[in-house]
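In this note's numbering, the protein residues as written are 270 to 871. Backbone N, C-alpha and C define an ideal beta-carbon position, used for all residues, glycine too. Predicted model only: the values in this text are computed from it and were never measured. Heads up: the structure comes next, in structure tokens.
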Amino acid sequence: MRRILTGLVSLFILNNLCAKEIPLVSNIYGRQSISLNGKWNYIADPLENGYYDYRLKPFTTNGFFENKKAQSLSDLVEYNLDNSPLMNIPGDWNMRDANLFIYEGTVWFKKDFKYTKKAGQRDILYFGAANYDAKVYVNGQKVGEHVGGYTPFNFDITDVVKNGDNFVVVKVDNKRAKDNVPTVNMDWWNYGGITRDVMVAQVPDTYVEDYSIQLKKGFQNIIEGWIQLNSQTSGQSVIVEIPELKVKQQLTTDNQGKASFELKVKPIFWSPENPKLYEITINKSDEQINDQIGFRTIETKDKQILLNGKQIFLRGISIHEEAPYERGRAWSKEDAAILLTWAKEMGCNYVRLAHYPHNETMVREAEKMGLMVWSEIPVYWTISWENQNTYENAERQLHDMIYRDKNRCSIIIWSIANETPHSDARDKFLGNLSKYARQQDNSRLISMAMEVTKAPDNMNKLTDNMNEYVDVISFNQYIGWYRASNEEARLMKWDIPYNKPVIISEFGGSAQQGLHGDKTERWTEEYQEELYIRNLEMLDKIDGLSGLSPWILVDFRSPRRQLPGIQDFFNRKGLISSWGIKKKAFYVMQDYYKKKKAEYTK
Ligand code: GCB
Numbered sequence: 270m271r272r273i274l275t276g277l278v279s280l281f282i283l284n285n286l287c288a289k290e291i292p293l294v295s296n297i298y299g300r301q302s303i304s305l306n307g308k309w310n311y312i313a314d315p316l317e318n319g320y321y322d323y324r325l326k327p328f329t330t331n332g333f334f335e336n337k338k339a340q341s342l343s344d345l346v347e348y349n350l351d352n353s354p355l356m357n358i359p360g361d362w363n364m365r366d367a368n369l370f371i372y373e374g375t376v377w378f379k380k381d382f383k384y385t386k387k388a389g390q391r392d393i394l395y396f397g398a399a400n401y402d403a404k405v406y407v408n409g410q411k412v413g414e415h416v417g418g419y420t421p422f423n424f425d426i427t428d429v430v431k432n433g434d435n436f437v438v439v440k441v442d443n444k445r446a447k448d449n450v451p452t453v454n455m456d457w458w459n460y461g462g463i464t465r466d467v468m469v470a471q472v473p474d475t476y477v478e479d480y481s482i483q484l485k486k487g488f489q490n491i492i493e494g495w496i497q498l499n500s501q502t503s504g505q506s507v508i509v510e511i512p513e514l515k516v517k518q519q520l521t522t523d524n525q526g527k528a529s530f531e532l533k534v535k536p537i538f539w540s541p542e543n544p545k546l547y548e549i550t551i552n553k554s555d556e557q558i559n560d561q562i563g564f565r566t567i568e569t570k571d572k573q574i575l576l577n578g579k580q581i582f583l584r585g586i587s588i589h590e591e592a593p594y595e596r597g598r599a600w601s602k603e604d605a606a607i608l609l610t611w612a613k614e615m616g617c618n619y620v621r622l623a624h625y626p627h628n629e630t631m632v633r634e635a636e637k638m639g640l641m642v643w644s645e646i647p648v649y650w651t652i653s654w655e656n657q658n659t660y661e662n663a664e665r666q667l668h669d670m671i672y673r674d675k676n677r678c679s680i681i682i683w684s685i686a687n688e689t690p691h692s693d694a695r696d697k698f699l700g701n702l703s704k705y706a707r708q709q710d711n712s713r714l715i716s717m718a719m720e721v722t723k724a725p726d727n728m729n730k731l732t733d734n735m736n737e738y739v740d741v742i743s744f745n746q747y748i749g750w751y752r753a754s755n756e757e758a759r760l761m762k763w764d765i766p767y768n769k770p771v772i773i774s775e776f777g778g779s780a781q782q783g784l785h786g787d788k789t790e791r792w793t794e795e796y797q798e799e800l801y802i803r804n805l806e807m808l809d810k811i812d813g814l815s816g817l818s819p820w821i822l823v824d825f826r827s828p829r830r831q832l833p834g835i836q837d838f839f840n841r842k843g844l845i846s847s848w849g850i851k852k853k854a855f856y857v858m859q860d861y862y863k864k865k866k867a868e869y870t871k
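Next comes the structure, spelled out in structure tokens:
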């Protein structure tokens, strides 16, 4: 009888081995972890043969996720992940396998890893991002799925990971679809793959899941914060320390597993001139988390943006998450350092990270280098405004962007959309998203990149209803490229009927680096240079102009850009070529920012 019972109990346990997606573990880089970066085997699977049977039903057994091997010479197994080619992860498959350059579909990835389990610890499998749909399996068991190409996700794999040898299989699918976010149509490369860091973090059974430590809104001398455990455990003691500020605060969690605090201290402000970060530690008896956090205030007053109470001008540049020197999707510290150093050389104090959340390292490096950040979700162009699932997808991406980076003082603006066409459904969608953004974080500014309505007599009007929802009016305009000539820029007038600061989130034009000619000749460096000169003259006159982020720092890959010999599938609006050489217009911006800096430090 006893034996039968024990048998039943173990059967029950086996059937309930549960691994699942869990709320993001904040600051994954500040935790104990092992990296799963490096070589992964992969199989491109355009027919999704490893996922569906020949009747197109998903396999419950026998899918590639089982990572099966023939056990005898007579066994039929028509794949072998172990013998399949290797790819470096993080990395997009487009640039790592010439056959997959324009591939959109499924690729299976597999990595073997050795692991040491520890009693009383949970094991969390974390992905910085995978584009677009990732189904994740550990030791043949599905642990979860994630949708969205630019946000992190993690799974509690404690019940499925073993001491010793393990394997993880990920099915990544980057097929575009109308109802996705972004949708089918965009002006950047749809790089597929596991594009950011992968790791297994080890945390105590009850761990600090999330925390926030920032200046209290409206105060320069009160730090406000909270710590949230992964379970509703009350009476847990947690200590927050900021040694440099002589802060050592003992906290006790309430019955929600949360502990909040306020500290009266006057930190040195973080700013572009002095990007001061404080070492912070959060200690629980069995856990220590380290972070570097800066403190600053950001607000608007009429048409001004105030950083730490002082009016600033955002000397910015837009950046895609693309590695310099034509190396595909950027992800590393080195990529971030090159891109951001170029921005600094131009004289920037601000970067627009377009058109989706960039990797966490990029945001952290920007912070260390004194660059303020605009961070955005890929609600771009013609999203399916009427579709509730699309809305939920966008909201989730917005949530995850804010969640991951809420302690990054470099981020001053959350952007929730780019160049979206007017309709009632779109207004409702964006209105709800902006309300949601404010609920998640009311300490930063909200914006979205809008378009201008052309009116008679060279008048450019801002008529978008969404302007009511934002703190900063921002719009993209392409006079000299898609509309009017460079010469006509001087005739343009602007009607911006809001008492809010204005940012030009994009302007620019293309040039092929090294192509020279008359300033009226398209694609030459001289044309682009002239466009920048005329646009700056024109934009400088806008009342309330508080910043610019021209389009764009570096040429980037885009399937929309097909002109042979010039574009060759690159958007050439970069101020730096895809091979890293500065174009003439770079220096126009550099001069302009030098003047702006002097003007604002008077
Ligand atoms: C835009 C878009 C950006 C494009 C750019 C262009 O307005 O926001 O994603 O790449 O124009 O080059 O046309």
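Discussion item. I believe Glu493 touches Glu548 by the beta-carbon criterion, under 8 angstroms. Please report the beta-carbon distance rounded to the nearest angstrom.
Written reply: Actually they do not touch by this definition, with Cβ atoms about 19 angstroms apart.
Discussion item. Can you check which of these residues, Glu634, Val294 and Gly563, is closest to Asn676 by C-alpha distance?
Written reply: The candidate whose alpha carbon is nearest that of Asn676 is Gly563.
Worksheet entry | Paired residues, beta bridge with Ala612 - DSSP | Answer is none; Ala612 lacks a bridge partner.
Fill in: Span separating the alpha-carbon of Ala313 from that of Glu629
Rounded to whole angstroms, Ala313 to Glu629 spans 28 angstroms at the Cα level.
Fill in: Through-space distance from Gly777 to Ile835, alpha-carbon basis
About 17 angstroms.
Worksheet entry | Arg633 versus Ala724: straight-line alpha-carbon distance, rounded | Here the alpha carbon of Arg633 sits roughly 42 angstroms from the alpha carbon of Ala724.
Fill in: Contact check, Met641 vs Ser679, beta carbons under 8 angstroms
Cβ distance < 8 angstroms, so Met641 and Ser679 count as in contact.
Worksheet item: Does the beta-carbon distance from Ile297 to Tyr395 come in below 8 angstroms?
Response: Taking 8 angstroms as the Cβ cut-off, Ile297 and Tyr395 qualify as a contacting pair.
Worksheet item: The beta strand (DSSP E) spanning Thr375 covers which residue range?
Response: Residues Thr375 to Tyr384.
Item to complete: Report whether the distance from the Cβ of His415 to the nearest heavy atom of ligand 1 is below 7 angstroms.
Response: Not one heavy atom of ligand 1 sits closer than 7 angstroms to the Cβ of His415.
Item to complete: Tell me, please, whether the region 714 to 723 touches the region 659 to 673 by the rule of three or more beta-carbon pairs shorter than 8 angstroms.
Response: A contact between stretches requires three or more CB pairs, one per stretch, nearer than 8 angstroms, and the region 714 to 723 fails this requirement with the region 659 to 673.
Worksheet entry | ligand 1 heavy atom lying under 7 angstroms from the CB of Asp456 | Under cutoff, so the answer is yes.
Worksheet item: Which residues bound the beta strand (DSSP E) around Leu814?
Response: DSSP places Leu814 inside the beta strand (DSSP E), whose first and last residues are Leu814 to Leu817.
Item to complete: List the whole-angstrom C-beta distance separating Arg803 from Ala758, where the pair is believed to meet the contact cut-off of C-beta under 8 angstroms.
Response: That pair is a contact at about 4 angstroms.
Fill in: Three-way DSSP call (helix, strand, coil) for Gly332 in this model
Correct three-state label for Gly332: coil.
Item to complete: Just mark His415 as buried or exposed, buried being the case when its beta carbon has 16 or more other beta carbons within 10 Å.
Response: It counts as buried.
Worksheet item: Taking DSSP as the reference, what is the three-state secondary structure of Asp479?
Response: Asp479 sits in a strand when the DSSP states are folded into three classes.
Discussion item. What does the Cβ neighbour count give for Glu798, buried or exposed, with the cut at 16 atoms within 10 Å?
Written reply: Counting the other CB atoms within 10 Å of its CB gives Glu798 a total of 16 or more, which places it among the buried residues.
Worksheet item: How would you call Gln340, buried or exposed, if buried means at least 16 neighbouring beta carbons within 10 angstroms?
Response: With a 10 Å radius around the Cβ and a threshold of 16 neighbouring Cβ atoms, Gln340 comes out exposed.
Practice prompt. Taking Glu542 and Gly639 to be in contact with their CB atoms under 8 angstroms, please state how far apart those CB atoms are, rounded to whole angstroms.
Written response: Correct: roughly 7 angstroms between the Cβ atoms.
Item to complete: Please find out if some non-hydrogen atom of ligand 1 comes closer than 7 angstroms to the beta-carbon of Glu775.
Response: Glu775 has its Cβ nearer than 7 angstroms to a heavy atom of ligand 1.
Worksheet item: Where does Leu274 fall in DSSP's three states?
Response: Because the pLDDT of Leu274 is 44, which lies under 50, any placement of that residue in the model is unreliable, and the number read from its coordinates should be weighed accordingly. Reduced to three states, the DSSP call for Leu274 is helix.
Discussion item. Excluding the 5 residues flanking Gln782 on each side, which residues of the same chain have their C-beta closer than 6 angstroms to its C-beta?
Written reply: Here Gln782 has Ser846, Ile850 and Lys852 as same chain residues with Cβ atoms under 6 angstroms from its own Cβ, once five neighbours each way along the sequence are excluded.
Item to complete: Name the one or two DSSP bridge partners that Asp555 has.
Response: Asp555 pairs with nothing; no bridge assigned.
Item to complete: Please say whether Val441 and Ala403 have beta carbons closer to each other than 8 angstroms?
Response: For Ala403 and Val441, yes; Cβs fall inside 8 angstroms.
Practice prompt. Verify whether the separation of the beta carbon atoms of Trp650 and Ala694 is less than 8 angstroms.
Written response: Not in contact: Trp650 and Ala694 (Cβ atoms no closer than 8 angstroms).
Worksheet item: When every heavy atom of ligand 1 is checked, does at least one fall within less than 7 angstroms of the C-beta of Lys852?
Response: Checking the 7 angstroms criterion, the Cβ of Lys852 is out of range of every heavy atom belonging to ligand 1.
Item to complete: Would you decide whether Asp571 is buried or exposed? Buried here means 16 or more other CB atoms lie within 10 Å of its CB.
Response: Per the 10 Å Cβ criterion, exposed.
Fill in: Beta-carbon proximity check, Val648 vs Ala686, cutoff 8 angstroms
Val648 places its beta carbon less than 8 angstroms from that of Ala686.
Worksheet item: For Lys842, is the beta carbon positioned less than 7 angstroms from some heavy atom of ligand 1?
Response: Indeed, a heavy atom of ligand 1 lies less than 7 angstroms from the Cβ.
Worksheet item: For the alpha helix (DSSP H) that contains Ala635, what are its first and last residues?
Response: Glu629 to Met638 is the extent of the alpha helix (DSSP H) around Ala635.
Worksheet entry | For Ser550, the residue or residues it bridges with in DSSP | The residue asked about is misnamed: residue 550 is Thr in this sequence, not Ser. Thr550 is bridged to Glu510 and Asn559.
Item to complete: Leaving aside the five residues before and after Ser481 along the sequence, list all residues of the same chain whose C-beta is less than 7 angstroms from its C-beta, in chain order.
Response: The answer, listed in chain order, is Gly494, Trp495, Lys675 and Asn676.
Worksheet entry | 8 angstroms contact criterion, which Gly462 and Val405 should meet: CB distance rounded | Contact between Gly462 and Val405 does not hold, since the beta-carbon distance rounds to 14 angstroms and is not under 8 angstroms.
Item to complete: Please find out if some non-hydrogen atom of ligand 1 comes closer than 7 angstroms to the beta-carbon of His624.
Response: Yes - ligand 1 has a heavy atom lying nearer than 7 angstroms to the Cβ of His624.
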